[in-house]
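Beneath this line is the structure, given in structure tokens, with notes to follow.
What follows is the structure, given as structure tokens:
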């Protein structure tokens with residue numbers, strides 16, 4: 001079993017907007033809602049959401065498939081993400097680095113929440129992000145699975161996040 005580390009430039013407990021990193025939670029909720037069995041449409045939307053960071057696919061899954069804000073919050077509560085609050089505008093969900101590690105631990109290590117098959121489905125998508133999105137947590141890693149997020153706050157201010165699993 002590997003080790004999980006948390007690296008952040010924010011102070012302990014600092015909350016930040018998830019931007020597109022929330023898509024990993026949306027994927028987790030989708031799998032849990034469907035007992036890991038996705039139909040072709042769900043698979044296509046999930047692939048576009050994680051691998052291509054497709055916002056339209058995310059909005060469709062968030063609003064029409066997982067129950068929006070309450071559906072995603074339910075999953076975060078199951079994971080024990082006590083400092084994460086889902087927004088109806090999914091990219092404005094607030095979280096902490098520690099809460100994101102809790103989610104990643106359920107994906108990359110044995111979990112009471114996700115089956116091995118469900119974890120593998122998320123792993124495979126995070127292992128296949130578009131080349132132009134292979135930055136952040138993956139920098140310098142021999143092997144990685146990641147999801148990056150960025151959000152324009154206007155006035156040349158951005159929030160940029162990267163979550164994932166790396167092998168050095």
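Numbering (full-length UniProt numbering), first residue to last: 1 to 168. Ideal Cβ placement from N, Cα and C applies to all residues, glycine included. Predicted, not measured: the structure shown is a model, and the values here were computed from it.
Between residue 125 and residue 19 the beta-carbon gap is near 17 Å, outside 8 Å, which marks them as no contact. Residue burial is scored here from C-beta neighbours: residue 135 has fewer than 16 other C-beta atoms within 10 angstroms and is therefore classed as exposed.
The three-state reading of DSSP puts residue 166 in strand, counting E and B together. When C-beta atoms of the stretch 57 to 73 are compared with those of the stretch 84 to 94, three or more pairs fall below 8 Å, so the two segments count as touching. Closest in alpha carbon position to residue 31, among 159, 166, 62, is 62. Across the structure, residue 111 and residue 57 are spaced so that their CA atoms are roughly 27 Å apart. Residue 155 has its alpha-carbon roughly 43 Å from the corresponding atom of residue 35. Boundaries around residue 99 are those of the alpha helix (DSSP H), 97 to 108, since no beta strand (DSSP E) includes it. Cβ-Cβ distances below 6 Å link residue 22 to 90, 93 in the same chain, with the five nearest sequence neighbours on each side left out; the list follows chain order. Proximity to residue 143 across 133, 157, 165 peaks at 165, based on C-alpha coordinates.
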